[in-house]
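One structure is given here, and the rest of the page talks about it.
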Amino acid sequence: MVVTEFRQNHRVYNTKKGQTETSKPSSKPHQTQAEWLDSRLPFRTPGYWRIQLGSEAHSETSQGVSKICRTAMAPGQRGWGSDYRGFVLLSILLGTRWEAWAGQILYSVSEETDKGSFVGNITKDLGLQPRELAERGARIITKGKTQLFSLNPRSGSLVTAGRIDREELCTQSPRCLVSFNILIEDKMNLYPIEVEIMDVNDNAPRFLTEEINVKIMENAAPGMRFPLSEATDSDVGKNSLQRYQLSPNHHFSLVVQNGDDGTKYPELVLEKALDREEEGLHHLVLTAYDGGDPLRSGTASIHVTVVDVNDHTPVFSLPRYQATVPENVPVGTRLLTVNAIDLDEGIYGEVTYSFWKITPELLQMFHLSSLTGELSTLKGLDYEESSFYELEVQAQDGAGSLTKAKVLITVLDVNDNAPEVTVTSVSSPIPEDTPPGTVTALFYLQDKDSGKNGEVTCSLPENLPFKLERSIDNYYRLVTAQNLDREKMSMYNITLKATDGGIPPLSTETHMSIHVSDTNDNPPTFSDSSYSIYVPENNPRGASIFSVTAQDPDSDKNAQITYALAEDSIQGVPVSSYISINSDTGVLYALGSFDYEQFRDLQLQVTARDSGDPPLSSNVSLNLFVLDRNDNAPEILYPALPTDGSTGVELAPRSAEPGYLVTKVVAVDKDSGPNAWLSYRLLKASEPGLFSVGLHTGEVRTARALLDRDALKQNLVVAVQDHGQPPLSATVTLTVAVANSIPDVLADLGSIRTPSEPDDSDITLYLVVAVATVSCVFLVFVTVLLALRLWRWHKSHMLQASSGGLEDVPASHFVGLDGVQAFLQTYSHEVSLTADSRKSHIIFPQPNYVDTLISQDSCEKSDSLLTSIDFQECKGETPSTQVSSFLYFFCVPVCVQYSRDARFLLLLFWEGLLFKPRAG
Numbered sequence: 001m002v003v004t005e006f007r008q009n010h011r012v013y014n015t016k017k018g019q020t021e022t023s024k025p026s027s028k029p030h031q032t033q034a035e036w037l038d039s040r041l042p043f044r045t046p047g048y049w050r051i052q053l054g055s056e057a058h059s060e061t062s063q064g065v066s067k068i069c070r071t072a073m074a075p076g077q078r079g080w081g082s083d084y085r086g087f088v089l090l091s092i093l094l095g096t097r098w099e100a101w102a103g104q105i106l107y108s109v110s111e112e113t114d115k116g117s118f119v120g121n122i123t124k125d126l127g128l129q130p131r132e133l134a135e136r137g138a139r140i141i142t143k144g145k146t147q148l149f150s151l152n153p154r155s156g157s158l159v160t161a162g163r164i165d166r167e168e169l170c171t172q173s174p175r176c177l178v179s180f181n182i183l184i185e186d187k188m189n190l191y192p193i194e195v196e197i198m199d200v201n202d203n204a205p206r207f208l209t210e211e212i213n214v215k216i217m218e219n220a221a222p223g224m225r226f227p228l229s230e231a232t233d234s235d236v237g238k239n240s241l242q243r244y245q246l247s248p249n250h251h252f253s254l255v256v257q258n259g260d261d262g263t264k265y266p267e268l269v270l271e272k273a274l275d276r277e278e279e280g281l282h283h284l285v286l287t288a289y290d291g292g293d294p295l296r297s298g299t300a301s302i303h304v305t306v307v308d309v310n311d312h313t314p315v316f317s318l319p320r321y322q323a324t325v326p327e328n329v330p331v332g333t334r335l336l337t338v339n340a341i342d343l344d345e346g347i348y349g350e351v352t353y354s355f356w357k358i359t360p361e362l363l364q365m366f367h368l369s370s371l372t373g374e375l376s377t378l379k380g381l382d383y384e385e386s387s388f389y390e391l392e393v394q395a396q397d398g399a400g401s402l403t404k405a406k407v408l409i410t411v412l413d414v415n416d417n418a419p420e421v422t423v424t425s426v427s428s429p430i431p432e433d434t435p436p437g438t439v440t441a442l443f444y445l446q447d448k449d450s451g452k453n454g455e456v457t458c459s460l461p462e463n464l465p466f467k468l469e470r471s472i473d474n475y476y477r478l479v480t481a482q483n484l485d486r487e488k489m490s491m492y493n494i495t496l497k498a499t500d501g502g503i504p505p506l507s508t509e510t511h512m513s514i515h516v517s518d519t520n521d522n523p524p525t526f527s528d529s530s531y532s533i534y535v536p537e538n539n540p541r542g543a544s545i546f547s548v549t550a551q552d553p554d555s556d557k558n559a560q561i562t563y564a565l566a567e568d569s570i571q572g573v574p575v576s577s578y579i580s581i582n583s584d585t586g587v588l589y590a591l592g593s594f595d596y597e598q599f600r601d602l603q604l605q606v607t608a609r610d611s612g613d614p615p616l617s618s619n620v621s622l623n624l625f626v627l628d629r630n631d632n633a634p635e636i637l638y639p640a641l642p643t644d645g646s647t648g649v650e651l652a653p654r655s656a657e658p659g660y661l662v663t664k665v666v667a668v669d670k671d672s673g674p675n676a677w678l679s680y681r682l683l684k685a686s687e688p689g690l691f692s693v694g695l696h697t698g699e700v701r702t703a704r705a706l707l708d709r710d711a712l713k714q715n716l717v718v719a720v721q722d723h724g725q726p727p728l729s730a731t732v733t734l735t736v737a738v739a740n741s742i743p744d745v746l747a748d749l750g751s752i753r754t755p756s757e758p759d760d761s762d763i764t765l766y767l768v769v770a771v772a773t774v775s776c777v778f779l780v781f782v783t784v785l786l787a788l789r790l791w792r793w794h795k796s797h798m799l800q801a802s803s804g805g806l807e808d809v810p811a812s813h814f815v816g817l818d819g820v821q822a823f824l825q826t827y828s829h830e831v832s833l834t835a836d837s838r839k840s841h842i843i844f845p846q847p848n849y850v851d852t853l854i855s856q857d858s859c860e861k862s863d864s865l866l867t868s869i870d871f872q873e874c875k876g877e878t879p880s881t882q883v884s885s886f887l888y889f890f891c892v893p894v895c896v897q898y899s900r901d902a903r904f905l906l907l908l909f910w911e912g913l914l915f916k917p918r919a920g
């Protein structure tokens, strides 16, 4: 679609899809139709049309031209059209087509329109939808301080932001164009727009003074002309001043002269000679008319005073005075002096000076001395407001004769304005992963000075990851020059320095802050790759044992770290059963009490993960070492503590020498280090000084030789103590039998008793009867077996004596006192018999070879310290021995409760069974 629109003095010609609308021509009789159309079509002003070319411009251009031509050429529709009008419209369309092809967006609007008046469909011209104006951040950027136009986000149109006064914007310029840019914020694209402000006839012609005084000599010849003050009209074109009209009179007429700049100067022409005596003062009215519709006018009163004859008029020394001054001259500076000479004498030769043609603004800026003709300044000059002033001064003598001269003042620019930096748009914050070349800010540079003084350069401080790129006009873009890193610099305080080219140069600094937003580009890190934790055992349940801390240089949620334990197991049990971790603080807690004796070290792995998207994590190894505490008392392995209340017996011959090894106390401690270092000491003894205990070995040795007066039964209390803090200890009671012969031992066996248990009193009557019966049977059986064994021994002894030598018989096989002594010295047996009727056992410690507690097994069964012998499992026994074993196991438990002194007899009996000669 091609739309061609132009405006002229409220008349709109709109051509759209073959339709033509025109205002009806003027009905003035003196103006032809062609002249009216020619006077109102502004075809002489280039770029006057507003053009919109859509997507159908190429296809419909030819159709639009033909339609316009047909419409324009149709004589019956308007009644006054001609070929000339069709040709003009065709020319307009062709000019419009070339301007639209150049990409220029130009609108037009009449001045004095209401606020919100439609100017143009900006969304259509930019190829946008109305809703996209707000979504994409479209806004108007103007160079001035006043916002003349605005965007209607609902309709997508460009509308007026208030009342527009063309005369205030462009004064007398033939064409008034307002330029601005439309910024699309999301892409930071700028689109230059121009709007032509069309003039309306809103100003009437106005004279500078309402009264014009003219003095004319009475002898003035008819035909003389007298200049009058001209009227001014702020409008332009046809709306400006067009003609003057003088009120009817008998002596004067009016002639209008056209100046080079198009200004119309009225002149009063004397048509008939004056006679001061008839009429000394004439009153006339001068009316100025414009060409607008409706017609406007302004009037001024002319007072013509007839004076006596004055032969000469003042004459200026120069027809034109010129002065060039810098804009920073002080107020009151004399610029120049005008001078006029009048050859008359007296009052006719007195010349006064005044301004002839001057605006009220210039009257406040310049002063002309009426007597001396000195022209000076009343206020400071500003090159940026106006660089050139044209004044007219007049010299008038006393008779009223006057002459005029022009004064031209050129103002030179000085570098008195620093550059201005206007920040249009800033993107802050920007992500730290923004690629180089991203636009972060848009700003505009301007300097009100001209030439070199107005040439502005912009610079940035060094070592910044930004650079400047020039956009359209004097717009600059601040773009990223390299990758950003928020962890190194989270905010950039950028100083833009704009410097002009004046001497000396002036500069302006503008500061802006650009924040860099964080992205999750750094994983949490620990200060060490691994940590060692030392926790004493028996720690409280739930106690804090350690704390790990990871650092993440990111910010906000990207730096929020959570901690977790890696999945692992210890002895088939998950690590989470032993240790827990606070996910927020990284504090490790023990879920249970650690036992050094159960495990001594633990390997963990802690994972620190941030809350970014995607999350990043890192691991650290923890080595947990359990420290030993002295929580275990020494445990005595030998002699073993009986569970039935009986007392073990150690045998020592009376012939033992000092230092003789009686037995050895063996103990262990489950702790480690100093907590397991054991020391032995004799806590209590029946005969002090008789025995000693090795401090580190636990060996019980005789401290002196045994005497006959020493008691058979010696009770020793040995204490075993570790070196922990505090130290723990255990005690064991040893019973040592000191004897050289069996009768000595048998005589004192009654003193070795074990206290009966309190539960024995609860034995029922039938149990007492059964025990008594079994005891009697057992005593008979033991007597028979003993007699049989003594008979066999006696027989073998007699055979050995008859053979004449006993050297090959082991001493342990004798049953005499010497044999018993040798036997006791070779083997130390502990007989532990319990009163419990349900179980009984005999424990044979291994033979004690002086310093050694470990020996060969008995009956092919052994233990590290004690050997428990099951008599029914012994091999190579005779049937009688098996029977005796059977009776022993069933009878002894019952009888021993009431016959504890028979234990040693049983020992001798069983020794005979077990150690009888294999040859016999």
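Here the sequence shown stands for residues 1 to 920, numbered as in UniProt numbering. Note that CB positions come from ideal geometry on N, CA and C, so glycine has one too.
Exercise. Locate the alpha helix (DSSP H) running through R131, then write down its first and last residues.
Key: P130 to E135
Practice problem: Note down the Cα distance separating Q396 from A405, rounded to an integer number of angstroms. | Solution: 12 Å
Quiz prompt | Limits of the alpha helix (DSSP H) - the one that C458 falls within | solution = Unbroken run through C458 is the beta strand (DSSP E), V456 to S459; no alpha helix (DSSP H).
Quiz item: Do you know whose CA, among R163, T142 and L128, lies nearest V109's CA?
Solution: R163
Quiz item: Shortest alpha-carbon distance to V269 belongs to which of D260, E279, R276 and P227?
Solution: P227
Quiz prompt | CA-to-CA distance, V665 to V780, given in whole angstroms | solution = 39 Å
Quiz item: Which residue's Cα is closest to the Cα of D290: R276, V200 and C458?
Solution: V200
Quiz prompt | Beta-carbon proximity list for residue 928, same chain, < 6 Å, skipping 5 on both sides | solution = Beyond the ends of the chain as shown, which are 1 and 920, falls residue 928; an answer cannot be given.
Quiz item: Among T783, S247 and S401, which residue has its Cα nearest to the Cα of A340?
Solution: S401
Quiz item: Around the Cβ of A590, are there at least 16 other Cβ atoms within 10 angstroms (buried) or fewer (exposed)?
Solution: buried
Quiz item: First and last residue of the alpha helix (DSSP H) that includes E385?
Solution: Neither: E385 is in no alpha helix (DSSP H) and is coded neither H nor E.
Quiz item: In chain order, what residues of the same chain have a beta carbon less than 8 Å from the beta carbon of S618, not counting five sequence neighbours either side?
Solution: P523, P524, T525, F526, A550, T607 and A608
Exercise. Confirm, please, whether the CB-CB distance from H723 to P674 is below 9 Å.
Key: yes
Quiz item: Anyone know if the C-beta pair for H312 and D342 falls short of 9 Å?
Solution: yes
Quiz item: According to DSSP, what are the bridge partners of S152?
Solution: According to the sequence displayed, residue 152 carries Asn and not Ser. Answer is S157.
Quiz item: Is the CB-CB distance between S490 and V516 below 9 Å?
Solution: yes
Quiz item: Looking only at its own chain, which residues have a Cβ that is under 6 Å from the Cβ of A730, when we skip the five neighbours before and after it?
Solution: A633, P634, I636 and V720
Quiz prompt | Buried or exposed by the 16-neighbour rule on C-beta atoms within 10 Å, applied to L240 | solution = Note on residue identity: the sequence assigns Ser, not Leu, to residue 240. Flag for S240 reads buried.
Quiz item: Does DSSP put K452 in a helix, a strand or coil?
Solution: helix
Quiz item: In chain order, what residues of the same chain lie with their CB nearer than 7 Å to the CB of G592, ignoring the 5 residues before and after it?
Solution: R541 and Y578
Practice problem: Would you mind sorting S55 into buried or exposed? The rule is 16 or more other CB atoms within 10 Å of its CB. | Solution: The pLDDT assigned to S55 is 32, lower than 50, so where the model puts this residue is not dependable, and the model offers no usable value.
Quiz item: Which residues in the same chain as V411 place their Cβ atom closer than 6 Å to its Cβ, once the five residues preceding and following it in sequence are excluded?
Solution: E327, L381, Y383 and S387
Practice problem: Give the DSSP-derived three-state secondary structure of M798 in the structure shown. | Solution: helix
Quiz item: Which one of I184, A399, V718 and V325 has the shortest CA to CA distance from E350?
Solution: A399
Quiz item: By how many angstroms is the C-alpha of A667 removed from the C-alpha of V820?
Solution: Low confidence applies to V820: its pLDDT is 34, below 50, so where it sits in the model is not reliable, and the reading given next is rough at best. Spanning the two alpha carbons is a distance of roughly 30 Å.
Quiz item: Looking at C-beta atoms only, is the number of pairs between the stretch 467–475 and the stretch 187–197 that lie closer than 8 Å three or more?
Solution: yes
Quiz prompt | Sequence-distant residues of the same chain with beta carbon closer than 8 Å to F599, five excluded per side | solution = I570, Q571 and V626
Quiz item: Can you tell me whether Y766 is buried or exposed, with buried defined as 16 or more other CB within 10 angstroms of its CB?
Solution: exposed
Quiz prompt | Endpoints, alpha helix (DSSP H) assigned at K264 | solution = Here K264 belongs to no alpha helix (DSSP H); instead the beta strand (DSSP E) covers K264 to L270.
Exercise. Quick one: give me the first and last residue of the alpha helix (DSSP H) that D261 is part of.
Key: Looking at the DSSP string, D261 is not in any alpha helix (DSSP H), and its letter there is neither H nor E.
Exercise. For P314, count neighbouring C-beta atoms within 10 Å of its own C-beta (all shown protein chains included) and say buried if the count is 16 or more, exposed if not.
Key: buried
Exercise. From the DSSP output, in three-state form, read off F594 for me.
Key: coil
Practice problem: Please work out which residues of its chain come closer than 7 Å, Cβ to Cβ, to S370, disregarding the five sequence neighbours upstream and downstream, and give them in chain order. | Solution: T352, Y353 and S354
Exercise. Classify I164 as helix, strand or coil using the three-state DSSP reduction.
Key: coil
Exercise. Report buried or exposed for Y534, applying the criterion of at least 16 other Cβ atoms within 10 angstroms of its Cβ.
Key: exposed
Practice problem: Find out if the Cβ-Cβ distance for the pair L565, V573 is shorter than 9 Å. | Solution: no
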